[in-house]
Amino acid sequence: MSSNNESIGKTLGVVVALCLVCAIFVSFASVQLRPFQDENKAKDIQRNILAAAGFSDVTDVKAVFEKNIEARVVNMKTGEFVDTDPNSFDFEKSKFDAKRSIKLDKETDTAGIQRMTTESPVYFAKNAQGAVESIILPVQGYGLWGVMFGFIALEPDTKTIKSINFYKHFETPGLGGEIQNAKWVSTWEGKQLPVDIVKANAAGNVHKVDGLSGATLTSKGVDNTFKFWTGENGFGPFLAKVRQGALNNG
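Using full-length UniProt numbering, the first residue of the sequence shown is number 1, and each one after it goes up by one.
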């Protein structure tokens with residue numbers, strides 16, 4: 001009996017020691033890899049901002065981003081630039097920081113995002129002469145299965161859509177997942193705000209885009225997302241400032 005107890009005790013001891021060693025190894029690896037993970041995450045965001053601005057097949061993402069994109073932060077209520085670091089925002093997590101976000105009531109929260117940051121980064125794609133060619137806004141809104149994350153690129157007039165890029169979502173492949181389909185994305189180019197997503201016959205109307213076939217709720221989510229972020233509760237105050245010459249005033 002004593003021999004059995006000793007055998008069980010030794011086995012448990014080995015298991016506990018092994019688990020402890022594995023836990024220490026995983027924790028160490030996690031700490032060591034975090035800078036690389038953060039860098040890759042930042043680079044992925046930069047790549048998608050560049051894609052929205054019309055830069056495709058970019059090899060050196062960081063270099064092209066730093067050369068062509070200016071990042072600023074705006075106060076969402078006033079639409080004015082503030083001195084907050086644009087790199088301090090995590091689009092998936094920052095809104096849950098009570099110190100830098102607000103809870104939206106049901107009437108206001110038409111995009112279904114629950115909370116939003118009181119400040120937000122915005123991006124300006126510039127040409128070689130330093131003139132703004134497009135304004136890129138980060139957006140998010142609830143689709144059928146979860147929050148869709150993307151960027152809207154507007155022409156400098158703040159009313160004409162240059163491109164859209166939903167880079168992360170949980171929509172059904174082949175249906176709602178077609179929000180990433182290049183053919184559908186291209187139908188947004190040149191459309192004018194405000195935009196309505198309709199079931200059919202949007203051709204020739206600068207304020208309408210055809211919805212995705214078989215993905216009514218996803219299309220509705222995209223529609224709600226655009227209306228929210230380009231409206232008074234989103235980037236509306238900022239876009240109004242731009243029309244008044246905010247870019248010319250620094």
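The C-beta atom is built at its ideal place from N, Cα and C for all residues, glycine as well.
Rounding to the nearest angstrom, what Cα-Cα distance links residue i and residue j in this structure?
| i | j | result |
| --- | --- | --- |
| Glu178 | Lys168 | 12 Å |
| Val139 | Gly146 | 14 Å |
| Lys10 | Val21 | 16 Å |
| Arg115 | Lys93 | 10 Å |
| Thr117 | Arg100 | 6 Å |
| Lys58 | Ala98 | According to the sequence displayed, residue 58 carries Val and not Lys. Rounded to the nearest angstrom, the two C-alpha atoms are 36 Å apart. |
| Phe228 | Cys19 | 49 Å |
| Phe91 | Ala71 | 14 Å |
| Asp83 | Ser120 | 11 Å |
| Leu212 | Gly150 | 17 Å |
| Asp60 | Arg47 | 9 Å |
| Leu50 | Ala17 | 49 Å |
| Ile113 | Ile69 | 27 Å |
| Gln180 | Val209 | 15 Å |
| Phe89 | Val198 | 33 Å |
| Pro237 | Val122 | 13 Å |
| Ile24 | Ser7 | 26 Å |
| Thr160 | Ala111 | 21 Å |
| Gly234 | Asp44 | 24 Å |
| Pro194 | Ser219 | 15 Å |
Taking DSSP's pairing of strands, which residues face residue i in a bridge?
| i | result |
| --- | --- |
| Ala71 | Tyr123 |
| Leu154 | Ile135 and Ile161 |
| Val198 | Asp210 |
| Gln192 | Thr160 |
| Lys168 | Phe149 |
Using the beta-carbon count (16 or more within 10 Å), is residue i buried or exposed?
| i | result |
| --- | --- |
| Thr230 | buried |
| Asn40 | exposed |
| Asp223 | buried |
| Gly204 | exposed |
| Val14 | exposed |
| Asn87 | exposed |
| Asp105 | exposed |
| Ala153 | buried |
| Gly174 | exposed |
| Phe96 | exposed |
So does the stretch 238 to 250 actually touch the stretch 75 to 95, counting three or more Cβ pairs closer than 8 Å?
Judged by Cβ distances under 8 Å, the stretch 238 to 250 makes contact with the stretch 75 to 95, as three or more pairs qualify.
Hey, which unbroken runs of the beta strand (DSSP E) at 3 residues or more fall wholly within the stretch 90 to 146?
101 to 103, 115 to 117, 119 to 126 and 132 to 142
Can we say the stretch 213 to 221 touches the stretch 47 to 58, given the rule of at least three CB pairs closer than 8 Å?
no
Report yes or no: do the stretch 182 to 193 and the stretch 122 to 131 share at least 3 C-beta pairs separated by less than 8 Å?
For the pair of segments examined, the stretch 182 to 193 was found not to touch the stretch 122 to 131: the number of CB pairs separated by less than 8 Å stays below three.
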